[in-house]
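**Q**
Protein chains in written order, with the numbering used here: chain U, 1 to 173; chain C, 1001 to 1380.
See the structure below:
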């Protein structure tokens, strides 16, 4: 079985090597600071004990307060997987450093996140629109893309006919 | 003597028989040699990740059929596994076996298409494809018996599968498993020693193990480069931990090796199916989740909407095309807050430029064929 490394464990190991590189850590993931992101990622790839030479997935998430980029890294030799994040608090022009020089596989995935979520990856050599055309207005995967009347966000609050469940979704009711 | 020529741009696609869908390859040529390759995609972009944010977890299962429409079973499986991880659901043993059996049947059907269409790209026009379609039809018949659909199957459910297989399914599946080894021998005979296929694919588009890993390539492409990595072995899901099989590994990482690895994987899938059909236990095929509602006609059905706890989950499986992952974030509502597909077709295209620059335009067709993309999954 692939062992999922706890975010708190990996944060501890990163902190020993790069003091101040970790912003926060919970068991599911660790959040890195953008300033040292590329150095930490390069170390995670090249270090013999770490060996995360495969970037499984890179994607953006709009949490409505900040944007975050999620990296899932895999180490084949030791059969481990880890989830790392980096946050950008700029609502208008979110930007994080690119890891496409660490893993070439990040190149296309960063382009996808830029196209649909509007996150700029500083240092990506080919950051263009991917699925949508040049000049497309806005970034559709952002939560505030095309607000609904009454300032509601897109998303499902309640399934039609769903009874007896206390409402806990987003938006106003 | 060398002749200087102006660079010349050729568009292959979006409508072209060798692009396997609406995918456009923009090649810059110097004579016949490729000096630059650019991919233009999005012709089939349906914005599934956004649509999924407005549908319940169960309503999203049909979307996962329509990403990789040649392997709908594995698409279903990866998604329901991610939601089960989020909800912490224990799936009954029989459902795990049914999922594994269906996924392996799907792998044979999908690889048959990949190999047949690849032979098509090499110039063996239509004959190998028709041979492959013959077997794929029989597998689709089995799917039709199990769930009523042939292509977009919508068979898996959160907590199990939609329904148990009918009693006549097993004999028909066993009959097919008896027929397949002869067929595979026929394909290997027909294609592996075919001079044209060897001449057009050996040494073309080679990736080293290091390059393949760095470009996040997965599945048969990664294994053809000599990396013995298979999620079914490394992180067994379903019933794979109880089945005996080998990882098919190539050596040179070229187009020919990818083709050989796919043929070898079809044999391994058959081997797994033979074991799984004998080992499948009886029992329920769906976990008890929440309160079932009883329909007027007396049938108990699973709740219409699930509300997984706040959190996030990333589940990945080995689909016929590579590592298929679903990243799902829940905010406690009935619909996913974020729904992301790590699609192997899309990410396996990353090294396309690396593989095709320096080769000729005819090689580019074969290289694209060896990646085995499904444009529904590239664009989503």
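Think of the CB as a built atom: it goes at the ideal place given N, C-alpha and C, for glycine as much as any other residue. Nothing here was measured: the structure is a model prediction, and the numbers come from that model.
To the nearest angstrom, report how far apart residue 1191 of chain C and residue 1197 of chain C are at their CA atoms.
**A** In the second chain, counting from the first residue as 1, residue 1191 of chain C sits at position 191. In the second chain, counting from the first residue as 1, residue 1197 of chain C sits at position 197. One C-alpha to the other measures close to 7 Å.
**Q** Does DSSP put residue 110 of chain U in a helix, a strand or coil?
**A** Translated into the one-based positions of the first chain, residue 110 of chain U becomes position 110. Of the three classes helix, strand and coil, the one that applies to residue 110 of chain U here is helix, per DSSP.
**Q** Specify the secondary structure class of residue 1165 of chain C as computed by DSSP and reduced to three states.
**A** Within the second chain, residue 1165 of chain C is the residue found at index 165, counting from 1. Of the three classes helix, strand and coil, the one that applies to residue 1165 of chain C here is coil, per DSSP.
**Q** Less than 9 Å separating the beta-carbons of residue 145 of chain U and residue 138 of chain U?
**A** Walking along the first chain from the start, residue 145 of chain U turns up at place 145. Walking along the first chain from the start, residue 138 of chain U turns up at place 138. Yes. Within cutoff.
**Q** Quick check on this structure: which residue in C/1364, C/1230, C/1348 has the alpha carbon closest to the alpha carbon of residue 1018 of chain C?
**A** Along the second chain, one-based indexing puts residue 1018 of chain C at 18. Nearest option by C-alpha distance: C/1364.
**Q** Take residue 1171 of chain C and list the residues in its own chain whose beta-carbon comes closer than 8 Å to its own, dropping the five residues that flank it on each side.
**A** Counting from one through the second chain, the residue named residue 1171 of chain C turns up at place 171. Excluding residues within five positions, none has a Cβ falling inside 8 Å.
**Q** For the beta strand (DSSP E) that contains residue 121 of chain U, what are its first and last residues?
**A** Locating residue 121 of chain U in the first chain gives position 121, where the first residue counts as 1. Residue 121 of chain U -> beta strand (DSSP E) spans 120-122.
**Q** Would a C-beta distance cut-off of 9 Å place residue 1330 of chain C and residue 1308 of chain C closer than the cut-off?
**A** Within the second chain, residue 1330 of chain C is the residue found at index 330, counting from 1. Within the second chain, residue 1308 of chain C is the residue found at index 308, counting from 1. A contact, by the Cβ cut-off of 9 Å.
**Q** For residue 1204 of chain C versus residue 1028 of chain C, is the C-beta distance shorter than 9 Å?
**A** For the purposes of this step, residue 1204 of chain C is identified with residue 204 of the second chain, where counting begins at 1. For the purposes of this step, residue 1028 of chain C is identified with residue 28 of the second chain, where counting begins at 1. Going by C-beta atoms, residue 1204 of chain C is not nearer than 9 Å to residue 1028 of chain C.
**Q** Express the C-alpha separation of residue 1317 of chain C and residue 1324 of chain C in angstroms, rounding to a whole number.
**A** Here residue 1324 of chain C corresponds to residue number 324 of the second chain, with the count starting at 1. Here residue 1317 of chain C corresponds to residue number 317 of the second chain, with the count starting at 1. Spanning the two alpha carbons is a distance of roughly 5 Å.
**Q** Would you check if the distance between the CB atom of residue 1280 of chain C and the CB atom of residue 1094 of chain C is smaller than 9 Å?
**A** Here the question's residue 1280 of chain C lines up with position 280 in the second chain. Here the question's residue 1094 of chain C lines up with position 94 in the second chain. The answer is yes: Cβ separation under 9 Å.
**Q** Determine the DSSP secondary structure at residue 164 of chain U, reduced to helix, strand or coil.
**A** As a position in the first chain, residue 164 of chain U is number 164, starting the count at 1. Note that residue 164 of chain U has pLDDT 48, beneath the 50 cutoff, so the model's placement of it is unreliable and no number is given.
**Q** Return the bridge partner residues of residue 126 of chain U from the DSSP annotation.
**A** Indexing the first chain from 1 puts residue 126 of chain U at position 126. According to DSSP, which records beta bridges pairwise, residue 126 of chain U is partnered with nothing at all.
**Q** Looking at chain C, is there any beta carbon in it that lies within less than 9 Å of the beta carbon of residue 42 of chain U?
**A** The residue you call residue 42 of chain U lines up with position 42 of the first chain. Chain C contact via Cβ: absent.
**Q** Do you know offhand how far residue 141 of chain U's Cα is from residue 1277 of chain C's?
**A** In the first chain, residue 141 of chain U corresponds to position 141, counting from 1. In the second chain, residue 1277 of chain C corresponds to position 277, counting from 1. One C-alpha to the other measures close to 43 Å.
**Q** Tell me the DSSP secondary structure of residue 97 of chain U in three-state form.
**A** Locating residue 97 of chain U in the first chain gives position 97, where the first residue counts as 1. DSSP places residue 97 of chain U in strand when its eight states are reduced to three.
**Q** Please confirm if residue 1316 of chain C has its CB atom under 9 Å from at least one CB of chain U.
**A** Walking along the second chain from the start, residue 1316 of chain C turns up at place 316. Output row for residue 1316 of chain C: interface = yes.
**Q** Exposed or buried, what is residue 1286 of chain C when buried is set at 16 or more other beta-carbons lying within 10 Å of its beta-carbon?
**A** Numbered from 1 along the second chain, position 286 holds the residue referred to as residue 1286 of chain C. Buried.
**Q** Using a threshold of 9 Å, state whether the C-beta atoms of residue 1284 of chain C and residue 1092 of chain C are closer than that.
**A** To locate residue 1284 of chain C, count along the second chain from 1; it is residue 284. To locate residue 1092 of chain C, count along the second chain from 1; it is residue 92. Cβ distance < 9 Å, so residue 1284 of chain C and residue 1092 of chain C count as in contact.
**Q** Looking only at DSSP bridge pairs, what is residue 68 of chain U linked to?
**A** Here the question's residue 68 of chain U lines up with position 68 in the first chain. Answer by DSSP bridge pairing, in chain order: U/61, U/87.
**Q** Starting from residue 1340 of chain C, follow the beta strand (DSSP E) in both directions and report where the run begins and ends.
**A** Along the second chain, one-based indexing puts residue 1340 of chain C at 340. That run of the beta strand (DSSP E) goes 1338-1342.
**Q** Given that residue 1213 of chain C touches chain U, what residues does it touch there, using C-beta distances under 7 Å?
**A** Translated into the one-based positions of the second chain, residue 1213 of chain C becomes position 213. Per Cβ cutoff of 7 Å: 53, 54.
**Q** Consider the Cβ of residue 1018 of chain C: report whether some Cβ of chain U lies at a distance smaller than 9 Å.
**A** Within the second chain, residue 1018 of chain C is the residue found at index 18, counting from 1. So, not an interface residue.
**Q** Any Cβ of chain U within less than 9 Å of the Cβ of residue 1077 of chain C?
**A** Counted from its first residue, the second chain places residue 1077 of chain C at position 77. No, its Cβ sits nowhere closer than 9 Å to a Cβ of chain U.
**Q** Who are the Cβ neighbours of residue 1270 of chain C in its own chain at under 6 Å, not counting the five residues just before and after it?
**A** In the second chain, the residue the question calls residue 1270 of chain C occupies position 270. Around residue 1270 of chain C: 1180.
**Q** Would you kindly report the start and end of the unbroken beta strand (DSSP E) that includes residue 1033 of chain C?
**A** Against the second chain, residue 1033 of chain C aligns to sequence position 33. Run containing residue 1033 of chain C: 1033-1040, per the beta strand (DSSP E) assignment.
**Q** What are the boundary residues of the beta strand (DSSP E) that residue 1030 of chain C is part of?
**A** Translated into the one-based positions of the second chain, residue 1030 of chain C becomes position 30. Start and end: 1024-1030.
**Q** Measure the alpha-carbon distance for residue 5 of chain U versus residue 1195 of chain C and round it to whole angstroms.
**A** Position 5 of the first chain, counted from the first residue, corresponds to residue 5 of chain U. Position 195 of the second chain, counted from the first residue, corresponds to residue 1195 of chain C. For residue 5 of chain U and residue 1195 of chain C, the distance between alpha carbons rounds to 49 Å.
**Q** May I ask which residues mark the beginning and end of the beta strand (DSSP E) holding residue 1137 of chain C?
**A** For the purposes of this step, residue 1137 of chain C is taken as residue 137 along the second chain, with counting starting at 1. That residue, residue 1137 of chain C, is in no beta strand (DSSP E); its alpha helix (DSSP H) goes 1127-1147.
**Q** Relative to the C-alpha of residue 1039 of chain C, which residue among C/1124, C/1127, C/1327, C/1011 is closest?
**A** Within the second chain, the letter at position 39 stands for residue 1039 of chain C. Comparing Cα positions, the closest option is C/1011.
**Q** Exposed or buried, what is residue 1262 of chain C when buried is set at 16 or more other beta-carbons lying within 10 Å of its beta-carbon?
**A** Locating residue 1262 of chain C in the second chain gives position 262, where the first residue counts as 1. Buried: at least 16 other Cβ atoms inside 10 Å.
**Q** Can you give the Cα-Cα distance for residue 1371 of chain C and residue 1127 of chain C, rounded to whole angstroms?
**A** Residue numbering aside, residue 1371 of chain C sits at position 371 when the second chain is read from its first letter. Residue numbering aside, residue 1127 of chain C sits at position 127 when the second chain is read from its first letter. Computed Cα separation, rounded: 21 Å.
**Q** How is residue 1006 of chain C classed by DSSP in three states: helix, strand or coil?
**A** What you label residue 1006 of chain C is simply residue 6 of the second chain in a count that begins at 1. Reduced to three states, the DSSP call for residue 1006 of chain C is coil.
**Q** Considering only the beta carbon of each residue, do residue 102 of chain U and residue 41 of chain U sit closer than 9 Å?
**A** As a working note, residue 102 of chain U is residue 102 in the first chain. As a working note, residue 41 of chain U is residue 41 in the first chain. It is a contact, given that the beta carbons lie within the stated cut-off.
**Q** Are the beta-carbon atoms belonging to residue 124 of chain U and residue 110 of chain U less than 9 Å from one another?
**A** For this step, residue 124 of chain U is matched to residue 124 along the first chain. For this step, residue 110 of chain U is matched to residue 110 along the first chain. Cβ distance < 9 Å, so residue 124 of chain U and residue 110 of chain U count as in contact.
**Q** Measuring straight from C-alpha to C-alpha, what distance separates residue 1182 of chain C and residue 1176 of chain C?
**A** Taking the first residue of the second chain as 1, we reach residue 1182 of chain C at position 182. Taking the first residue of the second chain as 1, we reach residue 1176 of chain C at position 176. Distance between the alpha carbons of residue 1182 of chain C and residue 1176 of chain C is about 11 Å.
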